[in-house]
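Trainee: Sharing a structure, written as C-alpha cells. Questions coming.
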Amino acid sequence: MSSKYDITETLDVKGASCPMPVVKTKSAIDDLAAGEVLEVLATDSGSMSDIAGWADGTAGVELLSQEEGDGVYRHYVRKAE
Amino acid sequence: MSTDTSSGSAEETPSRAELAARVDELEEQLAAVSADSDDDDGKKMSIIATKGTLDMAYPPLILASTAAAFGYEVTVFHTFWGLDILHEERSRDLQLSSVGNPNMPVPNVVGALPGMDRVTTKLMEKRIDDNETATIEELIETSLEMGVEFQACQMTIELMDYDEADFYDGVTTGVGAATAIQDMADADIQLLI
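For the record, the sequence lines run as chains A and B.
Letter by letter, the first sequence follows residues 0 to 80 in numbering that gives the first Met the number 0.
Letter by letter, the second sequence follows residues 0 to 192 in numbering that gives the first Met the number 0.
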C-alpha cells in the first residue's frame, strides 16, 4: 500500500507520543535531499493532525498523504525541490 | 541639462538624469528595506518558564521543541522554580502535588499528609512511562539538538544558591530580565508558563 511513493527513508515512531512524532519527523526530513520522500509510522492518533499542521506551517516540505490502518498512522512527506 | 528650454522652466520639471538618480536612490532604499525584512523573516518564539513541578515542566518543553520543528528560533528563559527544569539533577526528580489540584484523585486533606507528594509523583511517573511519554530529560536533550536556547536566570541561580555547572550542557547562564524582554520584543509568540 505504500509502494505508490518512492520512499527514501522510513521513520518508526510507533509508541512515541506528542511532541516526538513531529520533532523526529523534522529531524529526519532535514537529513533528506530535495525531492526525497519520508515515510513516518506512528501510533499516536494526534500525529494525523500534528504532522499535517506541521507540514502546512513549514517551508520546504510537502505532505503527500496520510493513511490509517491496523492501528498505525502512515504519513508521507516529501522534501520540496 | 538645465539649459533645456523645451518645457516650461517655471514648473521645474526634473531632467531625465535627475529622475534616473532618484530611481537609483529609491531602488537602493528598497533593497535595504527588503534586506532588513529578510533578516526578520525567521519566526521567533519566546517562552518564560516559571514553574518547576513535574506537570508544569512539560508545556514549555513540548512547545519549544515543536516550534523548533516548525523552524522557529526559540528561547526559553527559566526563572524561579522553572530553573529546576534545567538543573540536571533536580530535573530528574521534579515533584507533583495533589494539594491545591482538585483534578487529582486524592482529597486535599490526604494529599497534605507527609510523603503524599512522593506517592502522586510516582503514580504520574508510572503513567508517563506506560504511555511512552517523553521524559523531561529527553525533551531537554531533543530541544537542545534542535537549536532551542535555554536560558537560566542569573538572579535566580544566585537566589537558589545553584552552581552554573549544575545545568545541562548547552544552557545559557549569565542572563537577566533585559535579555528576556529583548527576546520577547523580537518574538512572534510570547508565552509565560
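Built from N, CA and C at the ideal position, the CB exists for glycine as well.
#1: Going straight from the alpha carbon of F79 (chain B) to that of Y161 (chain B), what length do you get?
#2: Let me know the secondary structure DSSP gives Q94 (chain B) once reduced to three states.
#3: To which residues of the same chain is Q189 (chain B) closer than 7 Å at the C-beta, ignoring the five residues directly before and after it?
#4: Hey, how far is the Cα of A66 (chain B) from the Cα of R77 (chain A)?
#5: Can you tell me whether DSSP reads T74 (chain B) as helix, strand or coil?
#6: Once you ignore the five residues that flank L31 (chain A) on each side, which residues in its own chain have a CB closer than 8 Å to its CB?
#7: Measure from the alpha carbon of L158 (chain B) to the alpha carbon of each residue in B:T12, B:E144, B:L82 and B:D54, then state which is nearest.
#8: Would you call the stretch 115–134 of chain B and the stretch 145–159 of chain B in contact, with 3 or more CB pairs under 8 Å?
#9: Rounded C-beta distance between E80 (chain A) and A33 (chain A)? I'm assuming under 8 Å.
#10: Please classify D92 (chain B) as buried or exposed, where buried requires at least 16 neighbouring CB atoms within 10 angstroms.
#11: On the premise that M55 (chain B) lies in contact with I192 (chain B), defined as a C-beta separation below 8 Å, what is that separation, rounded to the nearest angstrom?
#12: Of the choices A:T57, A:D55, A:V21 and A:I28, whose alpha-carbon is the least far from that of A41 (chain A)?
#13: For the stretch 19–31 of chain B and the stretch 47–62 of chain B, state whether three or more C-beta atom pairs, one from each stretch, are separated by less than 8 Å.
#14: Could you tell me which chain B residues have their CB closer than 7 Å to the CB of S16 (chain A), listed as they occur along the chain?
#15: List the residues of chain B whose Cβ lies closer than 7 Å to the Cβ of K25 (chain A), in chain order.
#16: Rounded to whole angstroms, what's the CA-CA distance from A19 (chain B) to A58 (chain A)? Just pull it up for me.
#17: Taking only the alpha-carbon atoms, compute the straight-line gap between S1 (chain A) and N130 (chain B) and give it to the nearest angstrom.
#18: For chain B, check one thing: does any of its Cβ atoms lie closer than 9 Å to the Cβ of A58 (chain A)?
#19: Run through chain A and tell me which residues come within less than 8 Å of M145 (chain B), C-beta to C-beta.
#20: Look at the Cβ atom of Y72 (chain A), then the Cβ atom of L63 (chain A), and state whether they are nearer than 9 Å.
#21: What are the complete beta strand (DSSP E) segments, minimum 3 residues, inside the stretch 96–149 of chain B?
#22: Going by the DSSP bridge assignment, what does T9 (chain A) pair with across the sheet?
#23: Excluding sequence positions up to five away, which residues of its chain have a Cβ less than 6 Å from the Cβ of V105 (chain B)?
#24: Using a Cβ cut-off of 8 Å, pull out every chain A residue sitting near T141 (chain B), in sequence order please.
#25: Would I61 (chain B) count as contacting chain A if we go by Cβ distances under 9 Å?
Mentor: So, from the listed chains and residues:
#1: The residue labelled residue 79 (chain B) in the question sits at position 80 within the second sequence. The residue labelled residue 161 (chain B) in the question sits at position 162 within the second sequence. Their backbone Cα atoms lie some 11 Å apart in a straight line.
#2: Here residue 94 (chain B) is taken as the residue at index 95 of the second sequence, counted from 1. Residue state, collapsed to three classes: coil.
#3: Looking up residue 189 (chain B) in the second sequence gives position 190. These residues qualify, in order along the chain: S45 and M183.
#4: Walking along the second sequence from the start, residue 66 (chain B) turns up at place 67. Walking along the first sequence from the start, residue 77 (chain A) turns up at place 78. Rounded to whole angstroms, the separation of the alpha carbons of R77 (chain A) and A66 (chain B) is 20 Å.
#5: Counting from one through the second sequence, the residue named residue 74 (chain B) turns up at place 75. Of the three classes helix, strand and coil, the one that applies to T74 (chain B) here is strand, per DSSP.
#6: Residue mapping note: residue 31 (chain A) aligns to position 32 of the first sequence, counting from 1. Cβ within range, chain order: T7, E8, L37 and K78.
#7: Position 159 of the second sequence, counted from the start, is the residue given in the question as residue 158 (chain B). Comparing Cα-Cα distances from L158 (chain B) to each of B:T12, B:E144, B:L82 and B:D54, the minimum goes to B:L82.
#8: no
#9: Residue mapping note: residue 80 (chain A) aligns to position 81 of the first sequence, counting from 1. Residue mapping note: residue 33 (chain A) aligns to position 34 of the first sequence, counting from 1. Between A33 (chain A) and E80 (chain A) the Cβ distance is about 5 Å, and since that is below 8 Å, they are a contact.
#10: As a working mapping, residue 92 (chain B) is identified with position 93 in the second sequence. Exposed, because fewer than 16 other Cβ atoms sit within 10 Å of the Cβ of D92 (chain B).
#11: Along the second sequence, one-based indexing puts residue 192 (chain B) at 193. Along the second sequence, one-based indexing puts residue 55 (chain B) at 56. The beta carbons of I192 (chain B) and M55 (chain B) sit about 7 Å from each other, so the pair counts as a contact at 8 Å.
#12: As a first step, residue 41 (chain A) is located in the first sequence; it is residue number 42 there, counting from the start. Among A:T57, A:D55, A:V21 and A:I28, the Cα nearest to that of A41 (chain A) belongs to A:V21.
#13: no
#14: The count along the first sequence starts at 1 and reaches residue 16 (chain A) at position 17. Within chain B, the residues near S16 (chain A) are N130, E131 and T132.
#15: Numbered from its first residue, the first sequence carries residue 25 (chain A) at position 26. A68, listed in chain order.
#16: For this step, residue 19 (chain B) is matched to residue 20 along the second sequence. For this step, residue 58 (chain A) is matched to residue 59 along the first sequence. When rounded, the distance between both Cα atoms is 38 Å.
#17: If you number the first sequence from 1, residue 1 (chain A) lands on position 2. If you number the second sequence from 1, residue 130 (chain B) lands on position 131. Any reading at S1 (chain A) is ruled out, since the residue's pLDDT is 47, under 50, leaving its predicted position unreliable.
#18: Residue mapping note: residue 58 (chain A) aligns to position 59 of the first sequence, counting from 1. Cβ-Cβ to chain B under 9 Å: yes for A58 (chain A).
#19: In the second sequence, the residue the question calls residue 145 (chain B) occupies position 146. Residues of chain A passing the Cβ test: V22, K25 and S26.
#20: Residue numbering aside, residue 72 (chain A) sits at position 73 when the first sequence is read from its first letter. Residue numbering aside, residue 63 (chain A) sits at position 64 when the first sequence is read from its first letter. For Y72 (chain A) and L63 (chain A), no; Cβs fall outside 9 Å.
#21: none
#22: As a working mapping, residue 9 (chain A) is identified with position 10 in the first sequence. In the DSSP output, where bridge partners are listed per residue, T9 (chain A) has A:E38.
#23: Translated into positions along the second sequence, residue 105 (chain B) becomes position 106. Closer than 6 Å at Cβ, skipping near neighbours: S97.
#24: Counting from 1 along the second sequence, the entry for residue 141 (chain B) is found at position 142. Result: M19 and V22.
#25: By one-based count along the second sequence, residue 61 (chain B) stands at place 62. Chain A contact via Cβ: present.
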